[in-house]
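*Asks:*
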Amino acid sequence: MKELVAYRCKKCGLIMYPKHGRCLRCKAREFEPFEAEGDARLITYTDNQTLPWGIDDRQRFLGIVEFANGVKAMGWLKVATPKLGMKLKPHWEPVRVMGGEDVYGLVLRQGK
Ligand SMILES: [Zn+2]
100 MKELVAYRCK
110 KCGLIMYPKH
120 GRCLRCKARE
130 FEPFEAEGDA
140 RLITYTDNQT
150 LPWGIDDRQR
160 FLGIVEFANG
170 VKAMGWLKVA
180 TPKLGMKLKP
190 HWEPVRVMGG
200 EDVYGLVLRQ
210 GK
């Protein structure tokens, strides 16, 4: 997949994904970009049954994973039965349709 680039604050070391204009902890403005690496493990998830326009599904799991190097990211959890701590692989795929066009987002699945 396209690499998942996170940002580390040059002043306090806070890791952010996605990027913010200022550090969420110390308000500094300089960041070092780096890639999420290693296994992504599920740290929390929610069962969303009220989905916005452009998504035909009635239900989706939304999960937050943490990579081995500390990057946390949220995505569509495409598994039948989520379990905290499970290993997942990130993919960039269409997640909804807006104005007749596919919108890509992070999809989390088991296996490859
Ligand atoms: Zn900072």
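Numbering (our numbering), first residue to last: 100 to 211.
Ideal Cβ positions, reconstructed from N, Cα and C, are used throughout, including at glycine.
For Ala-127, verify whether its CB is less than 6 Å away from any heavy atom of ligand 1.
*Replies:* Flag set: Cβ of Ala-127 near ligand 1.
*Asks:* Determine the DSSP secondary structure at Lys-171, reduced to helix, strand or coil.
*Replies:* Strand at Lys-171.
*Asks:* How would you label Ala-127, buried or exposed, when you count the other beta carbons within 10 angstroms and need 16 or more for buried?
*Replies:* It is exposed - the Cβ of Ala-127 has fewer than 16 other Cβ atoms within 10 Å.
*Asks:* Between which two residues does the beta strand (DSSP E) holding Tyr-203 run?
*Replies:* Segment 200 to 208, the beta strand (DSSP E) holding Tyr-203.
*Asks:* Kindly confirm or deny that the segment 113 to 122 and the segment 144 to 158 touch, where touching means at least three C-beta pairs closer than 8 Å.
*Replies:* In short, these stretches do not touch, since the Cβ pair count stays below three.
*Asks:* Cβ of Glu-136 within 7 Å of Cβ of Arg-107?
*Replies:* No. Outside cutoff.
*Asks:* Does DSSP put Leu-161 in a helix, a strand or coil?
*Replies:* If DSSP states are grouped into helix, strand and coil, Leu-161 belongs with the strands.
*Asks:* What do you get for Tyr-203, buried or exposed, if any count of 16 or more other CB atoms within 10 angstroms of its CB means buried?
*Replies:* Answer is exposed; the Cβ neighbour count stays below 16.
*Asks:* Who are the near neighbours of Asp-201 in its chain, counting only those whose CB is closer than 6 Å to its CB and skipping five residues on each side?
*Replies:* The answer, listed in chain order, is Pro-193.
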